Amino acid sequence: MLCKSLIPILALFVFTPLFGQKVEPTYKHVSYGPHKDMVLNFWQIDSKKPTPLLVHIHGGGWLGGKKNETTSPSQLKNGYSYASIDYRLAGVELLPAAVHDAARAIQFLRTKAKEWNFDPDRIAVTGGSAGAASSMWLAYHDDMADPKSKDPV
49 MLCKSLIPIL ALFVFTPLFG QKVEPTYKHV SYGPHKDMVL NFWQIDSKKP
99 TPLLVHIHGG GWLGGKKNET TSPSQLKNGY SYASIDYRLA GVELLPAAVH
149 DAARAIQFLR TKAKEWNFDP DRIAVTGGSA GAASSMWLAY HDDMADPKSK
199 DPV
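Residue 49 is where the sequence shown starts when you use the working numbering, and the numbers rise one by one after that.
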C-alpha cells in the first residue's frame, strides 16, 4: 500500500523538470514605447504561414510582476507565437497607464506582424489578476491607434 501511495510523488520528481523547461525568446526585451518599463519578449513559431499570437499580461495588482514569469514550451507547441509584456506599474504611473501600455503593446505587435510571421487579425490576450483585468479592458475598448499620428504604433 505504501508503494502505491509513493508512485504519484515519484512521478512528480520525474516529470516536473519537463514542465519547467525554459525556452529563450526569439526577441528579448523589445521596447514598444517611450518608458523603460514598456518592453516585451516574443517567441516566434517556425511556420511557413502566419500564426495566431497569444499575448500574456502578467498580474501583480498593477504593483509588481514581470513579463518573464510565464513561459513554458506547452504554450508554444499549439501552433501560435507568444508575447509577454511588461508595463508601467502603479508605483511609477497611476492607472490607466498600465492598460494604455497594454494597448500600445498590441498596436506595436501589429506593426511587427509581417516581420515576425503572425496574423495581426488573430491575436488573443490573456493574463492573471491585473493582467486578466487589462486583457478584459482591451477586449471591450476601441482600438487606440491614431492613423494620423507620425508614430507607426
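Think of the CB as a built atom: it goes at the ideal place given N, C-alpha and C, for glycine as much as any other residue.
This structure is a prediction, so every number in the text was calculated from the model and none was measured.
CB-CB length for residue i against residue j, believed under 8 Å
{"i": "residue 174", "j": "residue 183", "result": "6 Å"}
{"i": "residue 103", "j": "residue 131", "result": "5 Å"}
{"i": "residue 136", "j": "residue 85", "result": "5 Å"}
Beta-carbon spacing of residue i, residue j below 8 Å
{"i": "residue 150", "j": "residue 88", "result": "no"}
{"i": "residue 107", "j": "residue 180", "result": "yes"}
Minimum C-alpha distance to residue i - residue among the options
{"i": "residue 75", "options": "105, 129 and 107", "result": "129"}
{"i": "residue 178", "options": "112, 85, 157 and 93", "result": "112"}
{"i": "residue 83", "options": "134, 72 and 105", "result": "134"}
{"i": "residue 91", "options": "125, 107 and 85", "result": "125"}
{"i": "residue 122", "options": "190, 110 and 93", "result": "93"}
{"i": "residue 159", "options": "195, 114, 148 and 110", "result": "195"}
{"i": "residue 186", "options": "105, 163, 78 and 161", "result": "105"}
{"i": "residue 170", "options": "73, 85 and 101", "result": "101"}
{"i": "residue 197", "options": "155, 166, 164 and 77", "result": "155"}
{"i": "residue 114", "options": "127, 144, 148 and 77", "result": "77"}
Element boundaries [beta strand (DSSP E), containing residue i]
{"i": "residue 130", "result": "129 to 133"}
{"i": "residue 79", "result": "75 to 79"}
{"i": "residue 154", "result": "Per DSSP, residue 154 belongs to no beta strand (DSSP E); it is in the alpha helix (DSSP H), 145 to 159."}
Touch test, the segment 136 to 143 against the segment 92 to 107, Cβ-Cβ under 8 Å, three pairs minimum: no
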